[in-house]
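Using my numbering, the letters of the sequence shown correspond one by one to residues 181 to 360.
The beta carbon of each residue, even a glycine, is placed where N, CA and C say it ideally should be.
Keep in mind that this is a model prediction, so the values were computed, not measured.
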Amino acid sequence: MTPVGFFSPAPYHILSYGTLLGTTFFHTFVGGIVSFQVLARPQFSLLMAKLFPVYFSMQTALPAVMALTYPGSPGSGSPSCIAGVLDAENRWSVLVPIATAFGTALANLVVVGPATTRCMDQRKIQERKDGKKSYDAPPHSQEMQALNSKFSMLHGVSSLLNLGSFIATVAYGVTLASRL
181 MTPVGFFSPA PYHILSYGTL LGTTFFHTFV GGIVSFQVLA RPQFSLLMAK LFPVYFSMQT
241 ALPAVMALTY PGSPGSGSPS CIAGVLDAEN RWSVLVPIAT AFGTALANLV VVGPATTRCM
301 DQRKIQERKD GKKSYDAPPH SQEMQALNSK FSMLHGVSSL LNLGSFIATV AYGVTLASRL
């Protein structure tokens, strides 16, 4: 007997997917851009430093919830939950996109995000030493140049990971939509 209503994993799977896609799309293409355009750089940095841990935590948790609530296809004999995600038939259409979304977000949550925040903190300290903001026109001290380069690299890696998560989420959405 197939579980229905509140006992079925399907509604939780769809809600988790929708939340992941919506959150990632909004933060990446709307909220972050608008915030950068309207806030002064120090306020923008402070906002992002507070938002990113929450955002990356959601981006990490939601694919895990999606894997736990994967609704199998009773007619085709495809299993539900983790067994369905790991099923050989679903390797490329389900496992790879969900695992990619999870892995890229986890990397941002535990490695790249904290490293970027530490670099921002180091730049603030160097700004006080130099008497000049990191984003002011050059010339900058060698220390600030190195920190600016490091920050740019970390920010770029974080952005690529975030984009990878978004693309994987959209790719999984194609699979999910094909089941409708």
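Worksheet item: My guess is that residue 240 and residue 295 are in contact by the Cβ rule of under 8 Å, so how many angstroms apart are they, rounded?
Response: About 16 Å separates the beta carbon of residue 240 from that of residue 295, a gap too long to meet the 8 Å contact definition.
Item to complete: Check residue 258 in the structure and name its three-state DSSP category.
Response: Strand, per DSSP.
Worksheet item: Does DSSP put residue 253 in a helix, a strand or coil?
Response: Three-state DSSP puts residue 253 in a strand.
Worksheet item: Which residue from 347, 250, 302 puts its Cα closest to that of residue 324?
Response: With respect to the C-alpha of residue 324, the residue from 347, 250, 302 having the closest C-alpha is 302.
Worksheet entry | Sub-9 Å separation of residue 185 and residue 236 beta-carbons | For residue 185 and residue 236, no; Cβs fall outside 9 Å.
Worksheet item: Anyone know if the C-beta pair for residue 281 and residue 200 falls short of 9 Å?
Response: A contact, by the Cβ cut-off of 9 Å.
Worksheet item: CB-CB under 7 Å to residue 315, same chain, minus the five flanking residues each way: which ones, in chain order?
Response: Same-chain partners within the cutoff: 221.
Worksheet entry | DSSP-derived helix/strand/coil call for residue 321 | Here residue 321 sits in coil by DSSP.
Worksheet item: What are the start and end residues of the alpha helix (DSSP H) that includes residue 208?
Response: That residue, residue 208, is in no alpha helix (DSSP H); it is neither H nor E in DSSP.
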